[in-house]
Ligand code: FES
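In my numbering, the protein residues as written are 96 to 245.
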């Protein structure tokens, strides 16, 4: 099942890397945080505009590998207009996915588009790529201005 979907998953990742969603800065962001991966030097800045507990707008800038950029792009696309709590829910699901055994079944319904990162399970070194932007967003909600994946 996973093998059969692999080409499609890779296509989605490459497409988001080439044409990332919400790849811009938000001038009047309520939260702004830089996420940094010291292993490779890749870094993103995440911008969030809040309306109460709702993520009214979310964007990112910076540079990273295809997996990290696609993950940041999907993160912003999936969370715009959603409650803050959704960010934690989805981050937990993504983290559980990429740290699970490659042979474990994937909960496609719960993960939605995040299932494209199921291939990361076979390359543990890429876990930090898939979660870089999400760590940064979690740190932003904790009031931090920068976070490292180390
Ligand atoms: Fe740097 Fe993926 S290689 S975040």
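Every residue, glycine too, gets a C-beta built ideally from N, C-alpha and C.
Original post:
Curious, which full-length alpha helix (DSSP H) runs of at least 4 residues does the region 153-183 contain?
Top reply: 161-174
Original post:
How long is the line joining the alpha carbons of residue 132 and residue 160, rounded to whole angstroms?
Top reply: 11 Å
Original post:
If we count the other Cβ atoms within 10 Å of its Cβ and call it buried at 16 or more, is residue 106 buried or exposed?
Top reply: exposed
Original post:
Around the C-beta of residue 152, are 16 or more other C-beta atoms found within 10 angstroms, so that it is buried, or is it exposed?
Top reply: buried
Original post:
For residue 134 versus residue 223, is the C-beta distance shorter than 8 Å?
Top reply: yes
Subject >> Residue from 180, 115, 143, 238 with nearest C-alpha to residue 158 >> reply: 115
**OP:** Can you give me the start and stop residues for the alpha helix (DSSP H) that residue 223 sits inside?
**Re:** 222-236
Original post:
In whole angstroms, what separates the C-alpha of residue 195 from that of residue 117?
Top reply: 29 Å
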